[in-house]
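Participant: For reference, the structure I am asking about is given below.
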Amino acid sequence: MPALKAFIVEDSPVILENLVATLEELAQVEVVGSVPDEAGAVRWMSRDPDASADLFIVDVFLRSGTGLGVLQAAQRLGVRARRVVLTNYATEEMRRRCASLGAERVFDKSHELDDLISYCAELAEHDAPRPAAA
Numbered sequence: 001m002p003a004l005k006a007f008i009v010e011d012s013p014v015i016l017e018n019l020v021a022t023l024e025e026l027a028q029v030e031v032v033g034s035v036p037d038e039a040g041a042v043r044w045m046s047r048d049p050d051a052s053a054d055l056f057i058v059d060v061f062l063r064s065g066t067g068l069g070v071l072q073a074a075q076r077l078g079v080r081a082r083r084v085v086l087t088n089y090a091t092e093e094m095r096r097r098c099a100s101l102g103a104e105r106v107f108d109k110s111h112e113l114d115d116l117i118s119y120c121a122e123l124a125e126h127d128a129p130r131p132a133a134a
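FYI, the numbering for the sequence shown is 1 to 134, going by UniProt numbering.
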């Protein structure tokens, strides 16, 4: 079964490395790219907004720009991929703002990482592209 293709927008190399390893090992996710800032994410999404990834995982506070800007750009570009936010600032207000910008879920890095892994595993099982029948 093909893996769910994910693109990660995260500026912490340690968090990125651990997240990639965990998702690829536990959730049948293939991380197809990552960037540490808003501009890099927008460039990547602009290349092919329909086929580049099945899922975007976005942090709110980035090296430059914000995850909110990434979510706005995804809406503007018509990106069809699911979008979730992984942040240390998962307040109710931030959850509302992210949802208003098209994020399906907001996960707290400190307390909801297992929920993110479960979410990705479920997506991989139900939503990942299937190979064509022979």
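The beta carbon of each residue, even a glycine, is placed where N, CA and C say it ideally should be.
Between the Cα of L26 and those of E125, A121, T66, spot the shortest distance and give me the residue it belongs to.
Facilitator: Counting from 1 along the sequence shown, the entry for residue 26 is found at position 26. Minimum Cα distance to L26 is reached at A121.
Participant: Short check: CB of A6 to CB of V29, under 8 angstroms?
Facilitator: For the purposes of this step, residue 6 is taken as residue 6 along the sequence shown, with counting starting at 1. For the purposes of this step, residue 29 is taken as residue 29 along the sequence shown, with counting starting at 1. Cβ distance < 8 angstroms, so A6 and V29 count as in contact.
Participant: Going by DSSP, name the residue or residues bridged to R105.
Facilitator: Here residue 105 refers to the residue found at position 105 when the sequence shown is read from its first residue. Answer is V84, bridged to R105.
Participant: Would you say the stretch 98-112 touches the stretch 76-88, given that touching needs at least three Cβ pairs under 8 angstroms?
Facilitator: Segments in contact, yes.
Participant: Between the alpha carbons of S11 and E92, how many angstroms are there, rounded?
Facilitator: By 1-based counting over the sequence shown, the position of residue 11 is 11. By 1-based counting over the sequence shown, the position of residue 92 is 92. One point to set straight first is that residue 11 is Asp, not Ser, in the sequence displayed. Cα to Cα, the separation comes out at about 23 angstroms.
Participant: When you compare only the Cα positions, how much space is there between F56 and T22?
Facilitator: One-based indexing of the sequence shown puts residue 56 at position 56. One-based indexing of the sequence shown puts residue 22 at position 22. Spanning the two alpha carbons is a distance of roughly 16 angstroms.
Participant: Out of curiosity, what's the CA-to-CA distance linking V106 and A90?
Facilitator: In the sequence shown, counting from the first residue as 1, residue 106 sits at position 106. In the sequence shown, counting from the first residue as 1, residue 90 sits at position 90. V106 and A90: Cα-Cα distance of roughly 7 angstroms.
Participant: For V29, report the span of its alpha helix (DSSP H) as first-last.
Facilitator: Looking up residue 29 in the sequence shown gives position 29. Premise fails: V29 lies in the beta strand (DSSP E), 29-35, not in any alpha helix (DSSP H).
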